[in-house]
Every structure is written in structure tokens, then in C-alpha cells.
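Data block below; observations after.
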Amino acid sequence: GAGVSQTPSNKVTEKGKYVELRCDPISGHTALYWYRQSLGQGPEFLIYFQGTGAADDSGLPNDRFFAVRPEGSVSTLKIQRTERGDSAVYLCASSYGQGSGYTFGSGTRLTVV
Amino acid sequence: KQEVTQIPAALSVPEGENLVLNCSFTDSAIYNLQWFRQDPGKGLTSLLLIQSSQREQTSGRLNASLDKSSGRSTLYIAASQPGDSATYLCAVRRDGNKLVFGAGTILRVKS
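Protein chains in written order, with the working numbering: chain S, 38 to 150; chain Y, 14 to 124.
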């Protein structure tokens, strides 16, 4: 596609529920990244995929968070047993690889009530 | 651990003024540095990417410089316009592929 697409743009869920956030990267971009941005802060790294594999998941805050990219294109970020502290904007980005710039999507605003 | 600081946190200027946004980072062993713009409720738009071997990059009214040894970058905006109002984020990339972001500078250009 022309840009990085994230769906849904907004998600409100109840505490304890499971959510899935989707990212569709730019066609041909082998690297895909998930970041989380809290109000008034810069984005914080969660996980990075090179192809289908998670090359670096050191930013995932705990085992309630999991992400997959089964075919090396679309990725899904999964959050189990959501907590109010998970409320943030979740940003996805893609790139050709190391050395090239990132292209970010518009993000999914997650609100846990 | 890499830390990125942006100064000022917020800036309000009259239209037409030239301005400078500052970014500093603690670990000079970076791969590249990227400046982004973020409009309210939106994602990030890449403005300029400076590789570690470069000193500056220019795009239109924007100029970004990089002094890796001192751990600093500046974003210069010439002849500011109300449409430049946004949050400007600086991010550095070390080894691996993760970016470390500053908290941003909120810019308001008054008409």
C-alpha cells in the first residue's frame, strides 16, 4: 500500500478483556516495528520483526503482550487481560531495513476502562 | 542506556520567525538520527534522516544538523508558518533496529 495502515484507529475495551491491533506495512518493507506512546511522551519501543521472526522483543512490558507476523507482511499486536495502564497510542512503523528511515502509521488509540 | 532530551519542551513564536529546536543524546555511538513531526491525534511524519557519517540534511525550510561527538542535533525552521504548529520529535538509532525518542517539542506558530 501507499502507507502504513493501522486498524482500528480507536479501541475502547473493558479492563480484563483481550484486544488485537493490526498493522499493514508498506509493501516490500521487510522490517516492522511496534511502539507505544503515552500522553506527553515520545514513543517507546515494543518489538521489531525482520521478516516473519521477532528479532527483538525486549520492549514488551510483560507476558500479556504478544505480537505475530506470520507471513512477513501484516502484523498483529495482542494484549491479554488488559489493564488501565495499557491505555496509550500504539504505533506501527515499517522500513526496508537497517539504515533506512521509518514510515509510521497513524496509530491505534487504546483506552481501557 | 541511551537517553534523548529535547529542549525546549514547548515553544510559541510569531509567524515568520526563524527557530531552532534542540536534541541531545547520551550515547554518541549512533547509527542515524531522525526528526519527526506529529500532529494532534496523528502518527509520525518523517522530516529528515541524518546518517552518522553526515553533518546535516536539508528539506525546504528545514535544516537538521548532527554533531555526533557532542551528542547534539538541531532542527532549524526558517520563516515559520502557522501550519508548522505540531510536536517535533527527535529519535536516535544505535545498533539493532530500535529508535529511542525524546519527549518532543510542542511548537505553536501564531498568525
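All residues carry an ideal CB built from backbone N, CA and C; glycine is no exception. All values reported here derive from a predicted model rather than from experimental measurement.
Legend entry - At least three beta-carbon pairs within less than 8 Å, the region 115-133 of chain S to the region 71-79 of chain S: yes
Legend entry - valine 33(Y), buried or exposed, once every other Cβ within 10 Å from all chains shown has been counted against 16: exposed
Inset, instruction - Could you please give the first and the last residue of the uninterrupted beta strand (DSSP E) stretch that includes glycine 90(S)? - result: 90-93
Inset, instruction - Would you mind reading off the limits of the beta strand (DSSP E) that contains serine 25(Y)? - result: 23-27
Legend entry - C-beta contact flag for glutamine 78(S) and glycine 142(S) at 8 Å: no
Inset, instruction - Give me the Cα-Cα distance between threonine 67(S) and glycine 109(S), rounded to the nearest whole angstrom. - result: 7 Å
Inset, instruction - Please go through the same chain and pick out, in chain order, the residues whose beta-carbon is closer than 8 Å to the beta-carbon of proline 95(Y), but skip the five residues on each side of it. - result: Glu28, Val122, Lys123, Ser124
Legend entry - Cβ neighbour criterion (16 or more within 10 Å) applied to glutamine 117(S): exposed
Inset, instruction - Sort Ile84(S), Pro45(S), Tyr55(S), Val41(S) by Cα distance to arginine 121(S) and report the nearest one. - result: Tyr55(S)
Inset, instruction - Would you decide whether lysine 111(Y) is buried or exposed? Buried here means 16 or more other CB atoms lie within 10 Å of its CB. - result: buried
Inset, instruction - Give the DSSP bridge partners of alanine 44(S), in chain order. - result: Note on identity: in this sequence residue 44(S) is threonine, with alanine being the wrong assignment. DSSP lists Arg59(S) as partners of threonine 44(S).
Legend entry - C-alpha gap between valine 105(Y) and threonine 18(Y), whole angstroms: 11 Å
Inset, instruction - Quick one: using the 10 Å Cβ neighbour count with 16 as the cut-off for buried, is valine 149(S) buried or exposed? - result: buried
Inset, instruction - Note down the Cα distance separating glycine 90(S) from threonine 113(S), rounded to an integer number of angstroms. - result: 13 Å
Legend entry - Simplified DSSP state of arginine 68(Y), which is helix, strand or coil: coil
Inset, instruction - Say whether chain S places a C-beta atom closer than 8 Å to the C-beta of glycine 115(Y). - result: yes
Legend entry - Under 8 Å from the C-beta of glutamine 47(Y): neighbouring residues of chain S: Gly138, Tyr139
Legend entry - chain S contact residues for leucine 56(Y), given Cβ-Cβ distances below 7 Å: The sequence shown places glycine at residue 56(Y), not leucine. Within 7 Å Cβ-Cβ: Leu128, Phe141, Gly142, Ser143, Gly144.
Legend entry - Assigned secondary structure, arginine 121(S) (DSSP; H/G/I helix, E/B strand, else coil): helix
Inset, instruction - Measure the beta-carbon distance from phenylalanine 52(Y) to alanine 99(Y) and round it to whole angstroms, keeping in mind my assumption that it falls under 8 Å. - result: It should be noted that the sequence gives aspartate, not phenylalanine, for residue 52(Y). With a Cβ gap of about 5 Å, aspartate 52(Y) and alanine 99(Y) count as contacting.
Legend entry - Spatially closest choice to glycine 84(Y) from Ser93(Y), Thr118(Y), Tyr44(Y), by CA coordinates: Tyr44(Y)
Legend entry - Same chain, Cβ closer than 6 Å to asparagine 35(Y), neighbours up to 5 away in sequence not counted: Ile20, Thr87
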